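Chains as they are written, first to last, in full-length UniProt numbering: chain C, 1 to 210; chain A, 1 to 210; chain G, 1 to 210. Even glycine gets a Cβ: it sits at the ideal position worked out from N, Cα and C. Quick caveat, the model's predicted, so the values are computed rather than measured.
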């Protein structure tokens, strides 16, 4: 899985960068920034592994992607004030990560002999968006993925595509179809400003309480 | 467990509705709203299963309750502005869910041969209130269960009742005693406006910092 | 491990007190206050156990430290308005807890035959700071450990020291070296007001969004 591995690294760097930038914008210190970068990059995979009983999760056994995250965070920490210009590159890299992580999450499920559509899609989704959710919880924000643009839906559609593609193609090809489906939907949603529907409240926003 | 299954479904619907309503009130989009509904409905059970090593958690293997949650969320999404009138029904259904989930959580613990009071009560409690805690964390609110009314305490008392009831009755009967204990305490606390004590600060609210 | 056990109890009390005080300052009720105390005291250990597949986590099987946490929370609840004077004692106890929990977390990893530096340090760190992170997430604060002073770094340095000390000394001695390293770094950072670096933004604090 040569090319997919490259995508995974690009995605890890992009996720780590987004974690580090959120950390810095929330006035976290060097440790907080690095921790948030690691959490964003590997948090989804850790959650996925716990769900299916892989203990310790891969990220702890093989800290390869944690090291990538730490280096990425350090670079962001040093060059923070110059990174705004790279916003486009970061968004594209993030979309690459979303696609690669989704494909990898689905494959982990399949390699562990799970056959249900629901669990395969769930594990693809968690791997893709779990780290970002944790990032936002730690940064005291409502998770981005719950409020804006087509993000999780790109991951879900990519995962469903993978399941169907495997009925026609080999697993290797299906992974790339999943990757490109997720990636393209995500990039299109950014370029075209696509959003999922929201409810418009009739009255002033009345907060629901139990 | 025929009737308890009905209670479980009612509870799932009520929990999913509360998740969806919180999501919408926080301006989440369709995905966020559905995700929060699922989290509220099955999150406690997922956490309970992870605690005792059931991987993958039941909710992922059998997405039955997730589907119920999704349908509930969609209905809330469409009819949001008419649901305020149903506040009473939602509160009663939520109390039914709290009772059913508590009884189920305790039974899962007992069926896995745990005998300690602490772990049985903990698993009943987590199943009952865990989803709501996750809902509030994702919605950027201090968990409701930590601040208002008799909610967790109803679940704890129900769970303790179950343990003692099993010494006299069969497991089936004990489950219903647990259910009704939790349900009645919860409903009474709403009707009578009962709250747990809080500390009144002498000075102005001084925020504690380490 | 006689003395370390004493340190563990002191640390549990200190962590529970910090959880209870944060809970009260956030206007949580008695249940919320106790729950936050328990979470702060045992949450890190629970997460550590889940990571390495110890299910159910020790804290659920043996509720010894939960009981200590509950008693500590009750005392805080009753004497809250008199505790501000004890701030110094609480800080020192907290540092004792950080040291003891770090050493214990590393030893759990080693006793489960993990040999990698990364996972040993991670488990020491999670045991030391995980409860405090959960406390702050539930209290709707950006985790303290991400923003202020030398806290996590003390734990990390202590854990690294333990790994190297074990190459020279027995495990018992190495645990104490880890404990004192963590403790002293933490106390020095409080006394000297040491902080990790943060990024100073050139422009006004511009919030990063994906």
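- Under the DSSP assignment, residue 137 (chain C) falls in the alpha helix (DSSP H) whose first and last residues are 117-138.
- Proximity to residue 34 (chain C) across G:190, G:146 and G:166 peaks at G:146, based on C-alpha coordinates.
- Taken in chain order, the unbroken stretches of alpha helix (DSSP H) that lie wholly in the UniProt domain "Glycine transporter" (6-80) of chain C and span 4 residues or more are 30-51, 58-61 and 64-79.
- Proximity of residue 11 (chain G) to chain A, defined by a Cβ-Cβ separation below 8 Å, is not satisfied.
- For residue 193 (chain A), the three-state secondary structure derived from DSSP is coil.
- Spanning the alpha carbons of residue 56 (chain C) and residue 9 (chain G) requires a straight line of approximately 27 Å.
- For residue 99 (chain C), not one C-beta of chain A is nearer than 8 Å to its own C-beta.
- Going by beta carbons, residue 130 (chain G) and residue 7 (chain G) fall outside the 8 Å limit.
- Taking a contact to require three or more Cβ pairs closer than 8 Å, the stretch 18-35 of chain A and the stretch 190-199 of chain C qualify as touching.
- Residues of the UniProt domain "Glycine transporter" (6-80) of chain A that bring their beta carbon within less than 8 Å of a beta carbon in chain G comprise 50, 51, 52 and 53, in sequence order.
- In this structure residue 178 (chain C) is in contact with residue 102 (chain C), their Cβ atoms being roughly 6 Å apart against a cut-off of 8 Å.
- Here residue 113 (chain C) carries a coil assignment [DSSP, helix/strand/coil].
- Excluding the 5 residues flanking it on each side, residue 127 (chain G) has same chain C-beta neighbours closer than 7 Å at 44, 45, 48, 101, 102, 104 and 105, in chain order.
- Residues of chain C with a Cβ closer than 8 Å to the Cβ of residue 137 (chain A) are, in chain order, 137.
- Residue 158 (chain A) sits away from residue 144 (chain A), with the two beta carbons spaced by 8 Å or more.
- DSSP places residue 146 (chain G) within a helical segment (H, G or I) once states are collapsed to three.
- Residue-level contact by beta carbon fails for residue 163 (chain G) and chain C, as no gap is shorter than 8 Å.
- Where residue 164 (chain G) is concerned, the enclosing alpha helix (DSSP H) starts and stops at 152-165.
- Taking a Cβ-Cβ cut-off of 8 Å, the neighbours of residue 122 (chain G) in chain C comprise 60, given in sequence order.
- In this structure, A:125 is the residue among A:134, A:125, A:173 and A:137 with its C-alpha nearest to the C-alpha of residue 150 (chain A).
- The alpha-carbon separation between residue 180 (chain A) and residue 99 (chain A) amounts to approximately 7 Å.
- Below 8 Å, enough C-beta pairs join the stretch 11-21 of chain A and the stretch 66-77 of chain A to call them touching: three or more.
- Relative to the Cα of residue 52 (chain A), the nearest Cα in the group A:183, A:135, A:120 and A:4 belongs to A:120.
- When Cβ-Cβ separations below 8 Å define contact, residue 134 (chain C) makes no contact with chain A.
- The beta-carbon of residue 157 (chain G) is placed no less than 8 Å from the nearest beta-carbon of chain C.
- The beta-carbon of residue 199 (chain A) is placed less than 8 Å from the nearest beta-carbon of chain G.
- Within the model, the alpha-carbon separation for residue 109 (chain G) versus residue 62 (chain C) is close to 15 Å.
- The Cβ atoms of residue 50 (chain A) and residue 50 (chain C) lie closer than 8 Å to each other.
- The criterion of a C-beta distance shorter than 8 Å is satisfied by residue 68 (chain C) and residue 12 (chain C).
- Annotation: residue 169 (chain C) to residue 193 (chain C) spans about 33 Å, alpha carbon to alpha carbon.
- The beta carbon of residue 105 (chain C) sits no closer than 8 Å to any beta carbon of chain A.
- Between residue 187 (chain C) and residue 90 (chain C), the CB-CB gap reaches or exceeds 8 Å.
- The contact set of residue 119 (chain A) on chain G, defined by CB atoms closer than 9 Å, consists of 56, 60, 61 and 63 in chain order.
- The beta carbons of residue 59 (chain G) and residue 42 (chain G) sit closer together than 8 Å.
- Judged by DSSP in its simplified three-state form, residue 198 (chain A) adopts coil rather than helix or strand.
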